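Structure first, then comments.
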Amino acid sequence: MSLITAYFVFLCLYLDNAYAGKKHYDRESRYMPPNTSNYCYYPERKIYDWELTPIEYCKRPCDGKPKLCHITLYIEQFTTYGVACLGCPEIMENCFKYGCISANGYPRAIISINRQMPGPQIEICQNDTLVVDVVNIMHESTTTIHWHGLRQMDGNQYYDGVPYITQCPIPPGNKFRYIFKVTECGTFWYHSHTGMQRLDGLLGALIVRCIFEPLKYLYDFDNISILIIDWTLHPARTLVSGFTIHKQNLSPETILINGRAPHYNESSQKYLPVTVFNVQHGKRYRIRIIGTCSYTCAYAIQIESHPVTIITLDGGHKIKPIGCDTVIVNAAERFDVILHANQSSDRVYLVLVEGVGNCKNVKSYAVLRYNNKTVNFKETELKYRTMFPLKYNRVRILHSFKLAMLLKQLVLRQDLKKKKQRIFVL
Ligand SMILES: [Cu+2]
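As structure tokens, this is what we get:
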């Protein structure tokens, strides 16, 4: 009897190995994560069920107890300044309605995530396991999501989001589950890695807080992210078709800060709301600046009357804190800075962004206010028009930029130490 049992066990093991071997060399399975089967179905569309997505579930002080964070991202063809914005800006609250992506005040085909642009900010702790169901409800495009800055190690390579390399692109009407443990911490972001979908808004912030944060003593709050999105009035595919060397200086039309840019609506003589950041007087804020931009230009960022201190670069790379007035951000770079809210709380301040080089005519702003002070968007708009070009040494910037390209940060930081006004280029 025991001989028969032993024979049966060996037979099972043999068949299992043979199957695993076959699977390993199977051409199709190269693109599939282990333990999944090919599936193709149209997801059940419970319209608006993303409103119930517990995106806040993992946002917490990091105590070293890892969580499993399961969220769903619905990727959809959508529009800016669409029906949900009806009445905006005459009826100001409509500009903040769910599904209203006011952008720069013009309707434009985009790709939204859960009807938001940028997509929902994912906030987790180091060592959490992220489970993201990406549901493609676009009609005609495939998609993938790349988690920018995260090294997908230890079997996570299937979830890096590079179509045809690490996964099959997700066809319309299908979903794909990304599942990986996040062992790094810092400021990251996610975006489509398919075609030019990133230029159409398929992006969002991914904040991974450290279990042990040695720079915690430098700030009181960690709740502000600034996403710089370069924006055009036309969808990306219409811009790049026939792209030739003659069009290499292609520049965006405006810059969205967290999805909003200034705009004057002539028919109603009203001003579109821009993004407003609120601070409490006397407190110090960790601000995560993310270059969610796509063009070749860099962008200069200044927060009026508020020099900042840079503490980390590109995720969790900590540097010796360095003060500066202007931060220059290129596509995909991240800067974590400290802002001390120590100015007069009687007025509002502008967060100014301006293109560098070929994009020097592109500018935008957001508002920094103290203690929930009411913002008059007409006043801020009039002030904003007087504030450009930004004051910083452009020659030095370009010079520094070349240096940075050659020698990365070392020489540049030495150079900055000698100057009165500090500009930071990565
Ligand atoms: Cu990226």
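Sequential numbering of the sequence shown, starting at 627, is according to the numbering used here. Cβ atoms here follow ideal geometry from the backbone N, Cα and C, with glycine treated the same way. Keep in mind that this is a model prediction, so the values were computed, not measured.
Inset, instruction - Measure the C-alpha to C-alpha separation of Met764 and Asn968 and round it to an integer number of angstroms. - result: 46 angstroms
Legend entry - Heavy atom of ligand 1 within 7 angstroms of Ile943 beta-carbon: The question names Ile, but residue 943 in the sequence shown is His. No, the Cβ of His943 stays beyond 7 angstroms of every heavy atom of ligand 1.
Inset, instruction - Along the beta strand (DSSP E) that carries Glu766, what are the first and last residues, could you check? - result: No beta strand (DSSP E) holds Glu766; DSSP gives it neither H nor E.
Legend entry - CB of Gln703 within 8 angstroms of CB of Ala735, strictly: Yes; because the gap between Cβ atoms is below 8 angstroms, this pair is in contact.
Legend entry - Any non-hydrogen atom of ligand 1 within 7 angstroms of His774 CB: yes
Legend entry - Residue interval of the beta strand (DSSP E) (run including Ala862): Careful: Ala862 lies outside any beta strand (DSSP E), inside the alpha helix (DSSP H) at Ala862 to Val866.
Legend entry - With 16 other Cβ atoms within 10 Å as the buried cut-off, status of His650: With a pLDDT of 38 at His650, under the threshold of 50, the predicted position of this residue should be treated as unreliable, and no value is reported.
Inset, instruction - State the Cα-Cα distance for the pair Glu930 and Asn1002, rounded to the nearest angstrom. - result: 17 angstroms
Legend entry - Three-state secondary structure assigned by DSSP to Asn891: strand
Inset, instruction - Check Gly812 in the structure and name its three-state DSSP category. - result: strand
Legend entry - Assumed close pair Val757, Ile796 - CB separation to whole angstroms, cut-off 8 angstroms: Wrong, their Cβ atoms sit about 15 angstroms apart, outside the cutoff.
Inset, instruction - Just mark Arg653 as buried or exposed, buried being the case when its beta carbon has 16 or more other beta carbons within 10 Å. - result: Low local confidence applies: a pLDDT of 37 at Arg653 is under 50, so the model's placement there is unreliable, and no value is given.
Legend entry - C-alpha distance - Asp856 paired with Leu694, whole-angstrom precision: 33 angstroms
Legend entry - Residue-chain proximity (Tyr991, chain B), Cβ-Cβ < 8 angstroms: Protein chains in the displayed structure number just one, and chain B is not present.
Inset, instruction - Classify Leu859 as helix, strand or coil using the three-state DSSP reduction. - result: coil
Inset, instruction - Could you tell me how far apart the beta carbons of Leu829 and Pro744 are, in whole angstroms, since I believe they sit closer than 8 angstroms? - result: 6 angstroms
Legend entry - Boundaries (first-last residue) of the beta strand (DSSP E) holding Phe806: In the DSSP assignment, Phe806 falls within the unbroken beta strand (DSSP E) covering Lys801 to Lys807.
Legend entry - Residue of Glu892, Thr1006, Thr768 and Thr813 minimising C-alpha distance to Thr938: Thr813
Inset, instruction - Could you tell me the boundaries of the alpha helix (DSSP H) in which Phe1003 lies? - result: Phe1003 to Arg1011
Legend entry - Euclidean distance between Cα positions of Gly690 and Tyr785: 24 angstroms
Inset, instruction - Go ahead and pull the three-state DSSP assignment for Glu930. - result: coil
Legend entry - Thr864, buried or exposed, once every other Cβ within 10 Å from all chains shown has been counted against 16: exposed
Inset, instruction - Tell me whether the beta-carbon of Tyr1018 lies closer than 8 angstroms to the beta-carbon of Thr952. - result: Judged by beta-carbon spacing, Thr952 lies within the 8 angstroms limit of Tyr1018, meaning their Cβ atoms are closer than that value.
Inset, instruction - Output the residue ranges of the beta strand (DSSP E) runs that lie fully inside the region 702-788 and measure 3 residues or longer, sorted by chain position. - result: 735-739, 748-751, 755-762 and 771-774
Legend entry - Cβ shell of Asp846 (< 8 angstroms), same chain only, five flanking positions each side left out: Cβ neighbours of Asp846 beyond the five flanking positions: Lys909, Arg910 and Tyr911.
Legend entry - Nearest to Tyr724 (by Cα), restricted to the options Thr706, Ile936 and Tyr732: Thr706
Inset, instruction - Give me the Cα-Cα distance between Val905 and Leu976, rounded to the nearest whole angstrom. - result: 13 angstroms
Inset, instruction - Identify, in the order they occur along the chain, each residue of the same chain with its Cβ nearer than 8 angstroms to the Cβ of Pro733, setting aside the five sequence neighbours on each side. - result: Thr705, Thr706, Tyr707 and Gly708
Legend entry - Cβ neighbours of Gln747 in the same chain (closer than 7 angstroms, five flanking residues each side left out): Gly830, Ala831, Ile833 and Ser851
Legend entry - Cutoff 7 angstroms; reference Gln778; Cβ partners in own chain excluding five residues on either side: Its chain contains Tyr785, Asp786 and Phe806 as the residues whose beta carbon lies nearer than 7 angstroms to that of Gln778, once the 5 sequence neighbours on both sides are disregarded; these appear in chain order.
Legend entry - DSSP bridge partner residues for Arg835 (one or two, in chain order): Cys751
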